[in-house]
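Some notes on the structure that comes next.
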Amino acid sequence: MMYRTIFCAMLLVILVDALAESIETERLSSIVKELASDEYDGRAPGTPGGRKTVEYLVEQFRALGLEPGGDDGTWTNNVPMIHTRFEGSGEMRFVVDGEAQALQQKVNIEASTVRAVDGIDIDAPVVFVGFGAYAPERGWDDYGDVDLQGKVALYLVNDPDFAAEPGEPAAGLFGNRKMTYYGRWAYKFEEAARRGAIAALVIHETEAAGYGWNVASSSPGENYAVVSTGESVAPVLLQGWLHWDAAASLMDSAGYDLDTLRTRARSPEFEAFEMDDVRFETDVAVIVDHFESSNVLAMLPGEKHPEETLMVSAHWDAYGVGEPDEKGRTIRPGANDDALGIAGILEIARVLKAEPPLERSVVFAAWTAEESGMLGSSAYAKDPVYPLEKTVANLTLDILNTAGPSRDVVLVGEGQSELEDDLVRAAATQGRRVTPESLPENGLFYRADHFPMARGGVPVLLIMQIAGAADLVDGGRRAGKQWIDDYIGNCYHQTCDAWDSQWDLRGAAQDIDLFRIIIEDLGNSRRWPEWKAGSEFKAVREKSADARRKL
Ligand SMILES: [Zn+2]
Numbered sequence: 013m014m015y016r017t018i019f020c021a022m023l024l025v026i027l028v029d030a031l032a033e034s035i036e037t038e039r040l041s042s043i044v045k046e047l048a049s050d051e052y053d054g055r056a057p058g059t060p061g062g063r064k065t066v067e068y069l070v071e072q073f074r075a076l077g078l079e080p081g082g083d084d085g086t087w088t089n090n091v092p093m094i095h096t097r098f099e100g101s102g103e104m105r106f107v108v109d110g111e112a113q114a115l116q117q118k119v120n121i122e123a124s125t126v127r128a129v130d131g132i133d134i135d136a137p138v139v140f141v142g143f144g145a146y147a148p149e150r151g152w153d154d155y156g157d158v159d160l161q162g163k164v165a166l167y168l169v170n171d172p173d174f175a176a177e178p179g180e181p182a183a184g185l186f187g188n189r190k191m192t193y194y195g196r197w198a199y200k201f202e203e204a205a206r207r208g209a210i211a212a213l214v215i216h217e218t219e220a221a222g223y224g225w226n227v228a229s230s231s232p233g234e235n236y237a238v239v240s241t242g243e244s245v246a247p248v249l250l251q252g253w254l255h256w257d258a259a260a261s262l263m264d265s266a267g268y269d270l271d272t273l274r275t276r277a278r279s280p281e282f283e284a285f286e287m288d289d290v291r292f293e294t295d296v297a298v299i300v301d302h303f304e305s306s307n308v309l310a311m312l313p314g315e316k317h318p319e320e321t322l323m324v325s326a327h328w329d330a331y332g333v334g335e336p337d338e339k340g341r342t343i344r345p346g347a348n349d350d351a352l353g354i355a356g357i358l359e360i361a362r363v364l365k366a367e368p369p370l371e372r373s374v375v376f377a378a379w380t381a382e383e384s385g386m387l388g389s390s391a392y393a394k395d396p397v398y399p400l401e402k403t404v405a406n407l408t409l410d411i412l413n414t415a416g417p418s419r420d421v422v423l424v425g426e427g428q429s430e431l432e433d434d435l436v437r438a439a440a441t442q443g444r445r446v447t448p449e450s451l452p453e454n455g456l457f458y459r460a461d462h463f464p465m466a467r468g469g470v471p472v473l474l475i476m477q478i479a480g481a482a483d484l485v486d487g488g489r490r491a492g493k494q495w496i497d498d499y500i501g502n503c504y505h506q507t508c509d510a511w512d513s514q515w516d517l518r519g520a521a522q523d524i525d526l527f528r529i530i531i532e533d534l535g536n537s538r539r540w541p542e543w544k545a546g547s548e549f550k551a552v553r554e555k556s557a558d559a560r561r562k563l
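Numbering (the working numbering), first residue to last: 13 to 563.
See below:
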């Protein structure tokens, strides 16, 4: 009798399982094939291909039976943006004791603006701020009493313990080789702005930056930004990279040694200082183009706690049209980056819609303008449709494995939030495990669309296959590494990132399904995953803790 009951129960489980929808590789493939086709012209925001993408996504979400999740009951969330360009090459120089050292865009400086101004006229003293970290929670302050108002701040890249030897006071304070937010140029520009600096330049070093000068200087004089919506702090007027050699010769002529300064900056005793008789000068005209684009937002309302939202997202934009490659192709279709992520969120939406409603709401976000600097997600995080304090988590897909099933999933940003424990549990249900990213010094945790949400305090999880080699069922980690090297070396942001009928999307489907599992679990729970101790984002989240306290 007992056995019969168990047998019947098992049969029921098998039947229900067979009826349940699952993430389908053919659907993923066909969505990517559509979005990466020539008709979409590389999905650049502000172009017909970009608008066609938005229309396609709205159509897909509508057909799946979701509800509009954007502004005022629409499917979209408007993102007004600017594109800025320096007119001409833009003369810039350091002046040391009255002697000019000319700087040339792309050669030894890469400077631009994110302000809608018609010109930039600077003649200001230069302050060397070391790594420029203000981290009271780590007992670290590089600024001391220095006054940055109206001045040019000169930064070292990465954070104070990147190159620290064991036993040095800085060692381990900023995650060792792992990059913290304090190491990113974005943080440095923001901190400079908060302190009233007119400009901020980061001295480039390949290893510490995670990429070479060719990448840092790839669009000299050009930038994109969200049109400011009355932020309390305006960004610096001029921002960019300074080549190491130019910084070294500047220091040399001013009576300093850059290597020595870099070592000194690793000490908690270091304090920023204004350099004697050193000025930075420029007078350049700026061309500003205004344009608009949209995030696409869809939602599945929760039955019991609809105001508590789980967000799953990917970016719809890609790199548009560029220079012809050796085969004459000009469209950079972003098939994996990130049409595949978009296909992933559409599949999660389809599967969840087919199941009984969750208690909490699920918001699907397809962001615009990630490739121009995470602009769509940043604009949303600044002015969210669903309050961030009641957003349980943001789960982001950006570049997935196309080389078949894997025994593990790569975790980006180990030690950041409790969501990594959710990921471990979800992976276990698939008989898989979690492996930390192999290149944390590249700071990928700070380089995708989940990040503006993190900065707003929302716990985040990112699946980005270029963060580390997967342990592939066919070929192991060596094959996973080979896949990354091929993708980064040939296809990343290039014409070669195209749809391929040979892709094996079973691994991608597994990874996407991890998010579905986490959403179903959190969607029927009252749990609020938190940032772990030591995370740079814990303090922001805790400010809104009252909003999440159970009544
Ligand atoms: Zn991407």
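No residue lacks a Cβ here, since even glycine has one placed at the ideal position from N, Cα and C.
Model, not experiment: these values are computed from the prediction.
Output the boundary residues of the beta strand (DSSP E) element that contains residue i.
i	result
Leu423	Asp420 to Leu423
Ala237	Glu234 to Val238
Ile475	Val472 to Ile475
Ala405	Thr403 to Leu409
Leu250	Leu250 to Leu254
His462	Premise fails: His462 lies in the alpha helix (DSSP H), His462 to Arg467, not in any beta strand (DSSP E).
Leu115	Glu111 to Leu115
Leu358	First-last for Leu358: Gly353 to Lys365, but that is the alpha helix (DSSP H), not the beta strand (DSSP E).
Looking at the structure shown, is residue i part of a helix, part of a strand, or coil, going by DSSP?
i	result
Tyr398	coil
Phe285	strand
His302	strand
His216	coil
Arg561	coil
Ile94	strand
Thr37	helix
Met104	strand
Met13	For Met13, the pLDDT reaches just 48, beneath the cut-off of 50, and the residue's location in the model is therefore unreliable, although a value from the coordinates is still provided. Three-state result, Met13: coil.
Arg586	With the chain covering only 13 through 563, there is no way to say anything about residue 586.
Ala259	helix
Ile210	coil
Pro148	helix
Gly128	The identity of residue 128 in the sequence shown is Ala, whereas the question assumes Gly. Residue state, collapsed to three classes: coil.
Glu315	coil
Glu46	helix
Just mark residue i as buried or exposed, buried being the case when its beta carbon has 16 or more other beta carbons within 10 Å.
i	result
Gln117	buried
Glu122	buried
Tyr223	exposed
His255	buried
Thr414	buried
Asn406	buried
Ser42	exposed
Ala481	buried
Leu563	With a pLDDT of only 47 at Leu563, under the threshold of 50, the placement of this residue in the model should not be trusted; the figure read from the coordinates follows. So Leu563 ends up on the exposed side.
Arg344	buried
Gln522	buried
Gln514	exposed
His216	buried
Sort out for me which residues DSSP pairs residue i with in a bridge.
i	result
Ser244	Answer by DSSP bridge pairing: none, since Ser244 is not bridged.
Asn89	Asn307
Asp295	Asp133
Ala415	Asp516
Phe457	For Phe457, which the question treats as bridged, DSSP gives no partner whatsoever.
Phe143	For Phe143, which the question treats as bridged, DSSP gives no partner whatsoever.
Arg445	Asp420
Gly495	The amino acid at residue 495 is misidentified as Gly; the sequence shows Trp. None; Trp495 has no bridge partner.
Ala378	Val308 and Ala326
Trp543	Ser429
Comparing the C-beta of residue i with each C-beta of chain B, is any distance below 8 Å?
i	result
Val324	Given the protein chain composition of this structure (a single chain), no chain B is represented.
Within the continuous alpha helix (DSSP H) that includes residue i, where are the two ends?
i	result
Gly225	Position check: residue 225 holds Trp in this sequence, whereas Gly was assumed. Residues Trp225 to Ala228.
Gln72	Pro60 to Ala75
Glu203	Trp197 to Arg206
Ala165	That residue, Ala165, is in no alpha helix (DSSP H); its beta strand (DSSP E) goes Val164 to Leu168.
Leu273	Leu270 to Arg276
Problem set entry | the region 204-215 in contact with the region 176-183 per 3-pair CB rule at 8 Å | no
Exercise. Between the region 304-321 and the region 395-403, do at least 3 Cβ pairs fall closer than 8 Å?
Worked result: yes
For this session: Would you check if the region 470-477 and the region 535-555 touch, i.e. whether three or more CB-CB distances between them fall below 8 Å?
Result: yes
Exercise. Per the contact definition of three or more C-beta pairs closer than 8 Å, is the region 282-299 in contact with the region 98-116?
Worked result: yes
For this session: Please confirm if the region 413-432 is in contact with the region 362-372, defined as three or more CB-CB distances below 8 Å between the two stretches.
Result: no
Exercise. Per the contact definition of three or more C-beta pairs closer than 8 Å, is the region 263-270 in contact with the region 143-158?
Worked result: no
Exercise. Is there contact between the region 420-429 and the region 446-459, where contact requires at least three CB pairs shorter than 8 Å?
Worked result: Taking one beta carbon from each stretch, the region 420-429 and the region 446-459 have 3 or more pairs nearer than 8 Å; the two touch.
Problem set entry | Three or more C-beta pairs below 8 Å linking the region 506-518 and the region 326-343 | yes
Problem set entry | Touch test, the region 82-94 against the region 228-248, Cβ-Cβ under 8 Å, three pairs minimum | yes
For this session: Would you be able to state if there are at least three C-beta pairs under 8 Å between the region 322-331 and the region 371-390?
Result: yes
Exercise. Contact between the region 40-57 and the region 342-357: three or more CB pairs below 8 Å?
Worked result: yes
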